[in-house]
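Some notes on the structure that comes next.
Residue numbers (the working numbering): 210 to 372.
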């Protein structure tokens, strides 16, 4: 088997570049505002994920635990999809058809979609405060985690250098 030395060198360089990068996904300091107050989306996400008996940032309300993040990351189906995409894209990187950055961007986009799907399709009942706000506005939606859409639209990924 004949080896193309230049292609092999390119493959090794691509792998070196990828080694110094990682994907982070979640909520990155957007502002969350509703009639109860203003806070960071990451704080609201954590509050919703873990729940709180006294509303946390929205005092006087009870926030039931709704582990949408844990559901997205622990799903075997989601884990298999991420693993398959990484393997597929790794081949493309090694063949020179994709850069390491493009590979990680595609993984980040998949992780964002998975987390958004978990928010959108989370089973359970809306909190009492959410129901009251909807009734006040004359709405009757039964969506659990979609109130203003801010949580869903704030899911992002970032590529970071590993130090």
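Every residue, glycine too, gets a C-beta built ideally from N, C-alpha and C.
In DSSP terms, what residue i is bridged to
i           : result
residue 236 : 364
residue 153 : The structure shown does not extend to residue 153, since the chain is modelled only from 210 through 372, so no value can be given for it.
residue 272 : 261
Terminal residues of the alpha helix (DSSP H) in which residue i lies
i           : result
residue 317 : 309 to 329
residue 283 : 277 to 283
Closest residue to residue i among the options (Cα-Cα distance)
i           : options               : result
residue 309 : 294, 322, 323 and 321 : 294
residue 276 : 262, 255, 270 and 296 : 255
residue 291 : 271, 273, 341 and 312 : 312
residue 314 : 358, 365, 251 and 250 : 365
residue 322 : 361, 299 and 306      : 361
residue 317 : 298, 272 and 273      : 298
residue 234 : 319, 272, 358 and 260 : 319
Cβ pair count under 8 angstroms reaching 3, the segment 286 to 301 against the segment 342 to 349: Output reads no: the segment 342 to 349 does not touch the segment 286 to 301.
Is there contact here, the segment 357 to 372 with the segment 229 to 238, by at least three beta-carbon pairs under 8 angstroms? Verdict: yes, contact present.
At what residue ranges does the segment 282 to 306 contain a whole run of the alpha helix (DSSP H), taking only runs of 4 or more? Unbroken alpha helix (DSSP H) stretches of 4 residues or longer found wholly inside the segment 282 to 306: 285 to 303, given in chain order.
Validate contact between the segment 316 to 335 and the segment 275 to 283 using beta carbons, cut 8 angstroms, 3 pairs: Between the segment 316 to 335 and the segment 275 to 283, the count of Cβ pairs shorter than 8 angstroms is three or higher; the stretches touch.
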